[in-house]
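Numbering (our numbering), first residue to last: 157 to 310.
Ideal Cβ positions, reconstructed from N, Cα and C, are used throughout, including at glycine.
Note that the coordinates shown come from a computational prediction; the quantities given were computed from them, not determined experimentally.
Right, one structure below, let's go through it.
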Amino acid sequence: MTERYFPLDEHFMRLAIREGERALEHDDVPVGAVVVHEGEVLGAAHNERELRADPTAHAELLALREAARARGQWRLLNCVLYVTLEPCAMCAGAIVLARIPRVVFAASDPKAGAAGSVFDILGEPRLNHRPQVSSGLLSEPASELLRAFFASRR
Numbered sequence: 157m158t159e160r161y162f163p164l165d166e167h168f169m170r171l172a173i174r175e176g177e178r179a180l181e182h183d184d185v186p187v188g189a190v191v192v193h194e195g196e197v198l199g200a201a202h203n204e205r206e207l208r209a210d211p212t213a214h215a216e217l218l219a220l221r222e223a224a225r226a227r228g229q230w231r232l233l234n235c236v237l238y239v240t241l242e243p244c245a246m247c248a249g250a251i252v253l254a255r256i257p258r259v260v261f262a263a264s265d266p267k268a269g270a271a272g273s274v275f276d277i278l279g280e281p282r283l284n285h286r287p288q289v290s291s292g293l294l295s296e297p298a299s300e301l302l303r304a305f306f307a308s309r310r
């Protein structure tokens with residue numbers, strides 16, 4: 157994992173955070189994701205597990221699907237995925253399968269993260285694709301959004 161960021165990374169992560177805030181409208185965990193290709197947003201989504209009653213409706217998967225539709229292909233080469241929370245094993249697997257070359261996430265997930273916290277699927281050398289991963293960008297606002305959501309449930 158690296159902490160190397162580019163000039164527009166913060167802009168796109170802020171879009172992902174805004175996307176995560178939209179999940180609150182339907183009482184879902186506030187995680188947002190944005191897929192960008194050459195400065196253009198191809199897919200943007202937030203968790204919709206509660207809304208769709210679908211355990212696979214994670215922000216990353218929904219954003220990847222939208223981006224693949226926009227590109228007209230499943231390989232999301234030359235794209236960057238920005239996500240507010242470290243991807244889980246399911247989402248990390250989808251990222252590898254979509255051939256996303258770069259992932260930037262805000263907050264680490266010590267309970268389910270699969271980009272270095274619990275597992276490191278994105279860095280697994282036996283897989284056929286390993287994206288570059290940058291973590292910690294705008295982690296405080298992303299973490300605060302999650303903390304507030306879970307505090308309201310206790």
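Measure the C-alpha to C-alpha separation of residue i and residue j and round it to an integer number of angstroms.
| i | j | result |
| --- | --- | --- |
| VAL289 | ALA262 | 11 Å |
| HIS193 | ASN234 | 6 Å |
| PRO211 | ARG309 | 19 Å |
| ARG282 | ASP276 | 11 Å |
| HIS167 | ALA209 | 31 Å |
| GLN229 | PRO266 | 33 Å |
| ARG160 | ALA307 | 32 Å |
| ALA304 | ARG178 | 14 Å |
| GLU175 | MET246 | 20 Å |
Apart from the five residues on each side of it in sequence, which residues of its chain come closer than 6 Å, Cβ to Cβ, to residue i?
| i | result |
| --- | --- |
| LEU294 | MET169, ALA262 |
| VAL236 | VAL192, ARG258 |
| LEU180 | PRO186 |
| GLU280 | none |
Just confirm the distance between the C-beta atoms of residue i and residue j, as a whole number of angstroms; I'd bet it's less than 8 Å.
| i | j | result |
| --- | --- | --- |
| VAL252 | LEU278 | 7 Å |
| ALA226 | GLY199 | 6 Å |
| GLU242 | SER291 | 7 Å |
| ALA250 | LEU220 | 6 Å |
May I ask which residues mark the beginning and end of the beta strand (DSSP E) holding residue i?
| i | result |
| --- | --- |
| GLY249 | Segment 245–253 is the alpha helix (DSSP H) holding GLY249; no beta strand (DSSP E) there. |
| SER290 | 288–291 |
Would a C-beta distance cut-off of 8 Å place residue i and residue j closer than the cut-off?
| i | j | result |
| --- | --- | --- |
| ARG231 | ARG205 | no |
| TYR238 | VAL274 | no |
| ARG244 | HIS285 | Correcting the residue type first, residue 244 is Cys in the shown sequence and not Arg. No, these two residues do not count as a Cβ contact at 8 Å. |
| ALA248 | ALA271 | yes |
Within a Cβ cutoff of 8 Å, which residues of the same chain sit near residue i, ignoring the five residues on either side of it in sequence?
| i | result |
| --- | --- |
| ASP184 | HIS202, ASN203, GLU204, ARG205, GLU206, LEU207 |
| ILE173 | GLY188, THR240, ALA262, LEU294, PRO297, ALA298, LEU301 |
| HIS312 | The requested residue 312 does not occur in the structure, where the chain is confined to residues 157 to 310. |
| VAL197 | PHE168, LEU171, VAL190, VAL191 |
Which residues bound the alpha helix (DSSP H) around residue i?
| i | result |
| --- | --- |
| GLU175 | 165–178 |
| GLU222 | 215–227 |
| GLU196 | It is not in any alpha helix (DSSP H) - GLU196 instead sits in the beta strand (DSSP E) that spans 196–202. |
| ARG205 | 205–208 |
Closer than 7 Å by C-beta to residue i: which residues in its own chain qualify, once you throw out the five before and the five after it? Chain order, please.
| i | result |
| --- | --- |
| LEU164 | GLY195 |
| SER264 | GLU242, SER273, SER291 |
| PRO287 | ILE251, ILE256, PRO257, ARG258, VAL259, LEU278 |
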